[in-house]
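Residue numbers (my numbering): 39 to 355.
Note that CB positions come from ideal geometry on N, CA and C, so glycine has one too.
Bear in mind that the values here come from a model prediction, so they are computed numbers and not experimental data.
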Amino acid sequence: MKTVIITGASGYIGRNLIHEVRGKMKIYAVVHKEDERSEKLRKEEGVTVVCCEMEHISRLPSLIPEKSIDYCIHLAWAGNAGNGRADYTMQLNNVKYTLDLLHVLPEFGVKRFVGAGTLAEQDVLHYHHRDGATPNAVSHYGTAKIAAHYMSKTECTKLGIEHIWCYLSSTYGIGNTTGNFVSMASEKIMSGEHAAFTSGEQMYDFVYITDTVKAIYAAAVYGKTNTSYYLGSGNPRPLKEFLVRIRDTIDPQIPIYLGEIPYNGVSLPASEYQADKLFNDTPYRPELSFEEGIKKTIAWMKEQNGCGKTPESRKNQ
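Structure follows, in structure tokens:
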């Protein structure tokens, strides 16, 4: 059986990736602290939990006795949501920790490194170079991911480690408490507040959590060396179509106000959302459409936030 180190293992994607990989590989799950989530991971068969903060990742060889590990999937990244995206010190540290991790992998004989990137990298590459561009502070996140991408690829080449980079699309689903766009939009519509959004003309893609982790596993095992893969649904659409579907799943009678909020970002071309390379190089195919995934997600959110009550019923309590 193959063996893998997964950093960021107690995060939303990490926990779900472990469920996907469990039984296929022996797993060393690296977490940054002991808590309820890491305790649950300890109960998973075939999973060894290792507590090691990324700033002290050089200690990892003393914590993992095995010296014949096949893969490292690196998910750990501080400040990947909210105001942390604008914290340049935090983001620069993430880049450094990624490279520090690479330099301990030869001690385990790791053959392949898989990094978790983001489409925010493409936002930066398509917009920041333009004269007159006015970047948002949260662009530090995408810029740091670009640096981690290219610098890790360079270091892997020096170290003789195969490199795979995964551009993760917007992941949503049951259990997601990260405040991503689907969660934010769903909460806004369900709460009964004035549901104002941009015009939603920009292209977007959303991938259900189980498909995201299946795609990461496929890229890790079947992907070509020194290749980057967009882990998409294969069905990108204008954002407004997703917003209407979210609203209709909650209650078709709730008004949403498209165009009330100005959009000052860059609309990526549809070509950036194509997952053909992943489909061609690996057996991966997404299993859940947005229509199916959002039904599961909204049902879970209603259960968490009001026992399935609609916004109107909650207001009338």
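| Item | Value |
| --- | --- |
| Contact between the region 194-210 and the region 149-156 (3+ Cβ pairs under 8 Å) | yes |
| Residue interval of the alpha helix (DSSP H) (run including Y135) | Y126 to L140 |
| Burial state of S48, where buried means 16 or more other Cβ atoms lie within 10 Å | buried |
| Three-state secondary structure assigned by DSSP to A175 | coil |
| Cβ shell of Y135 (< 7 Å), same chain only, five flanking positions each side left out | M92, E93 and I95 |
| Beta-bridge partners of P276, as assigned by DSSP | M241 |
| Spatial distance of D169 from V133 (CA atoms) | 27 Å |
| Distance between beta carbons of G238 and L281, contact taken as under 8 Å | 6 Å |
| Within-7 Å CB hit, T86 to chain B | In summary, chain B is missing from the structure at hand, where a single protein chain is found. |
| Distance between beta carbons of S207 and L130, contact taken as under 8 Å | In fact, because the Cβ distance is near 25 Å, the residues do not count as touching under 8 Å. |
| Cβ-based neighbour list, Y260, same chain, cut-off 7 Å, excluding 5 preceding and 5 following | D319, T320 and P321 |
| Rounded C-alpha distance that separates N54 from T192 | 29 Å |
| Cβ shell of L357 (< 7 Å), same chain only, five flanking positions each side left out | Any answer about residue 357 is impossible in this case: the structure gives the chain only from 39 up to 355. |
| C-alpha gap between V42 and D243, whole angstroms | 29 Å |
| C-alpha gap between K262 and Q240, whole angstroms | 31 Å |
| Start-to-end residues for the beta strand (DSSP E) that takes in E221 | Glu is not the amino acid found at residue 221; the sequence shown has Ser there. Unbroken run through S221 is the alpha helix (DSSP H), F219 to S229; no beta strand (DSSP E). |
| Alpha-carbon spacing of G213 relative to K78, whole angstroms | 14 Å |
| CA-to-CA distance, V162 to P276, given in whole angstroms | 20 Å |
| Paired residues, beta bridge with C89 - DSSP | V69 |
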